[in-house]
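Quick note: the sequence shown uses the UniProt record's numbering, first residue 1, plus one each step. Quick reminder that beta carbons are idealized off the backbone N, C-alpha and C, glycines included. Here the structure comes first, spelled out in structure tokens, and everything after it is commentary.
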Amino acid sequence: MHNVESMVRQSGPVDLETPYDTKTVAGKTVLLTGGASGFGAGFARRWAALGANLMIGDISDTDGEALVAELRQSTGSPHHHYFHCDVTDWSSQVKFFKEAAERSPHGGIDVVVANAGVKDTDNHFDNPTRDLSQLDCRPPNLTCIDVNITGVAYTTHLALFWLPRSSGKDKQIMLLGSVASLVPLPPQIQYTMSKHAVLGLFRTLRGLAWQQNIRVNLLCPYFIKTPIIPPMARILLAGGGMGVTESVVEAATRFLSDESIIGRALVVGPRVRIKEDAKNVEDEFEIVGVVDEDAASSEANGPSGCRGTAAKDIWEIYAHDYEALTENLDLEKALNNSG
Ligand SMILES: NC(=O)c1ccc[n+]([C@@H]2O[C@H](COP(=O)([O-])OP(=O)(O)OC[C@H]3O[C@@H](n4cnc5c(N)ncnc54)[C@H](O)[C@@H]3O)[C@@H](O)[C@H]2O)c1
Numbered sequence: 001m002h003n004v005e006s007m008v009r010q011s012g013p014v015d016l017e018t019p020y021d022t023k024t025v026a027g028k029t030v031l032l033t034g035g036a037s038g039f040g041a042g043f044a045r046r047w048a049a050l051g052a053n054l055m056i057g058d059i060s061d062t063d064g065e066a067l068v069a070e071l072r073q074s075t076g077s078p079h080h081h082y083f084h085c086d087v088t089d090w091s092s093q094v095k096f097f098k099e100a101a102e103r104s105p106h107g108g109i110d111v112v113v114a115n116a117g118v119k120d121t122d123n124h125f126d127n128p129t130r131d132l133s134q135l136d137c138r139p140p141n142l143t144c145i146d147v148n149i150t151g152v153a154y155t156t157h158l159a160l161f162w163l164p165r166s167s168g169k170d171k172q173i174m175l176l177g178s179v180a181s182l183v184p185l186p187p188q189i190q191y192t193m194s195k196h197a198v199l200g201l202f203r204t205l206r207g208l209a210w211q212q213n214i215r216v217n218l219l220c221p222y223f224i225k226t227p228i229i230p231p232m233a234r235i236l237l238a239g240g241g242m243g244v245t246e247s248v249v250e251a252a253t254r255f256l257s258d259e260s261i262i263g264r265a266l267v268v269g270p271r272v273r274i275k276e277d278a279k280n281v282e283d284e285f286e287i288v289g290v291v292d293e294d295a296a297s298s299e300a301n302g303p304s305g306c307r308g309t310a311a312k313d314i315w316e317i318y319a320h321d322y323e324a325l326t327e328n329l330d331l332e333k334a335l336n337n338s339g
């Protein structure tokens, strides 16, 4: 009989204070969708510098090719490649994975990051009258669903085929959720739907992928300065602070490096503190202010003047499904009997 948490090999809470050893990154072949910009480009630069081989797929060919040229130059390694890949197109992704495995120095793919994503576009989803009154009424533009759900489903499906075929000892699927996986962003209906779907994928997949020795982890960034954030959102967030790509890269690099982290989720945002005198759960999670990195005293005293915890930009969240199931169950037997 086993506790379910240990049966699905889910690791304990991530100790974000402990340094991790990046030596494990060298030699890993990482396939990255949407790698030409934003987080993807940040991951590629950091991981290539640590010795990983980067296989980048995107529709933004000029940026993707320029990035790979930069990586080859900065690392002196020829093992970084760019591929045109539209994640919404099944055959495009099939070709991307196959060619990436062929170009990988050890013939396999060790880590897949399902990163490509878009925000809602041409958003008349919540305003059907505009179109339905026309004779040539058209369906809503579901590009966001296509990229963020169908694309991620294709990527994950292919990852589950290719990762077990790698000779590397550590295999991982890293998913890009969002705070929109956890809370609604009302003007972004499809985006919120899609990132809730990614959360559902994470919660189910982490309970199954252990059978193939694949680690599944999730990143849920808050608003972070990348091209996906439009000027209007930046205006709405004025004074509230946005996070920076470096924090997301840091959280992802911990997932990549620390091979003991399995089935965990991290939220990444601007650096904030928790009020020192927090007494209940709501207070405990109260954000007292965005820390001004330039002001030394702000580490101890936020804009509100309250004292609190040390400033943090990475927080663990939402990994309790199996922890909450405290009964001892024979999961192996249950799976064998489920047909
Ligand atoms: N920046 C944020 O605030 C934020 C917050 C939470 C989650 N995210 C998520 O992080 C991921 C990366 O976003 P980012 O902020 O780096 O944005 P970004 O716009 O800088 O990068 C997204 C990349 O995806 C590529 N892409 C778009 N459609 C594609 C398609 N059909 N096929 C292949 N590639 C495609 C783009 O060309 C671009 O290079 C996305 O999944 C996004 O939803 C971002």
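Bridge-paired residues (DSSP) for residue i
i, result
"M55", "L31 and H81"
"P221", "V268"
"K171", "I214"
"L236", "Looking at the DSSP assignment, L236 forms no beta bridge with any residue, so it has no partner."
"E65", "In the DSSP output, where bridge partners are listed per residue, E65 has none listed."
"E70", "In the DSSP output, where bridge partners are listed per residue, E70 has none listed."
"E316", "L266"
"L176", "L219"
8 Å contact criterion, which residue i and residue j should meet: CB distance rounded
i, j, result
"N118", "I173", "A small correction: the amino acid at residue 118 is Val; Asn does not occupy that position in the sequence shown. V118 to I173, Cβ: 20 Å. No contact."
"V272", "V179", "Not confirmed; about 13 Å, so no contact."
"F202", "L158", "Contact flag wrong, Cβ pair sits at about 17 Å."
"L219", "A251", "6 Å"
"L31", "A100", "5 Å"
"G207", "K195", "That pair is no contact at about 20 Å."
"A49", "L67", "Not confirmed; about 13 Å, so no contact."
"Q212", "L160", "7 Å"
"A156", "A114", "It is worth fixing the name first, because residue 156 is Thr in this sequence and not Ala. Correct: roughly 6 Å between the Cβ atoms."
"G38", "I228", "6 Å"
"D110", "K28", "4 Å"
"R46", "T253", "6 Å"
"R9", "I262", "5 Å"
"G35", "G76", "Not a contact, Cβ separation roughly 20 Å."
"C144", "T121", "7 Å"
"I189", "D126", "6 Å"
"P105", "H80", "Actually they are not in contact, since the Cβ atoms of P105 and H80 sit about 11 Å apart, beyond 8 Å."
"Y222", "P184", "Incorrect: roughly 14 Å between the Cβ atoms, too far for contact."
"H124", "P140", "6 Å"
"I214", "K169", "Going by Cβ atoms, the distance from I214 to K169 rounds to 12 Å, so no, they are not a contact pair."
"E323", "E5", "6 Å"
"S74", "R264", "The pair is not a contact, with the Cβ atoms about 30 Å apart (cut-off 8 Å)."
Start-to-end residues for the alpha helix (DSSP H) that takes in residue i
i, result
"M193", "I189 to L205"
"K95", "W90 to R103"
"A159", "V152 to W162"
"V248", "T245 to S257"
"F43", "G38 to A49"
Run of the beta strand (DSSP E) containing residue i, from where it starts to where it stops
i, result
"A114", "V111 to A114"
Any non-hydrogen atom of ligand 2 within 7 Å of residue i CB
i, result
"F96", "Of the ligands one can find in the structure shown, namely ligand 1, none is ligand 2."
is_contact[residue i, chain C] using C-beta, thresh 8 Å
i, result
"V113", "Of the protein chains in the structure, only one exists, and it is not chain C."
Check your understanding: Within the chosen definition, does the region 252 to 265 reach the region 19 to 35 through at least 3 CB pairs nearer than 8 Å?
Key -> Because the criterion of three Cβ pairs below 8 Å is met, the region 252 to 265 and the region 19 to 35 touch.
Review point. Counting Cβ pairs, one atom from each stretch, are 3 or more of them under 8 Å apart for the region 239 to 250 and the region 52 to 59?
Key: Between the region 239 to 250 and the region 52 to 59 there are fewer than three C-beta pairs closer than 8 Å, too few to call the two in contact.
Point to revise | Three CB pairs or more closer than 8 Å across the region 226 to 236 and the region 155 to 164 | key: Touching, no.
Review point. Quick check: the region 243 to 250 against the region 311 to 318, are there 3 or more CB pairs under 8 Å?
Key: Cβ pair count under 8 Å is three or more, so yes.
Exercise for review: Give a yes or no on contact between the region 78 to 97 and the region 140 to 153, applying the rule of three or more CB pairs nearer than 8 Å.
Suggested key: Contact between the region 78 to 97 and the region 140 to 153 is present: 3 or more CB-CB pairs across the two stretches fall below 8 Å.
Practice item. Report yes or no: do the region 83 to 90 and the region 7 to 16 share at least 3 C-beta pairs separated by less than 8 Å? Key: The answer is no - the region 7 to 16 does not touch the region 83 to 90, with fewer than three Cβ pairs under 8 Å.
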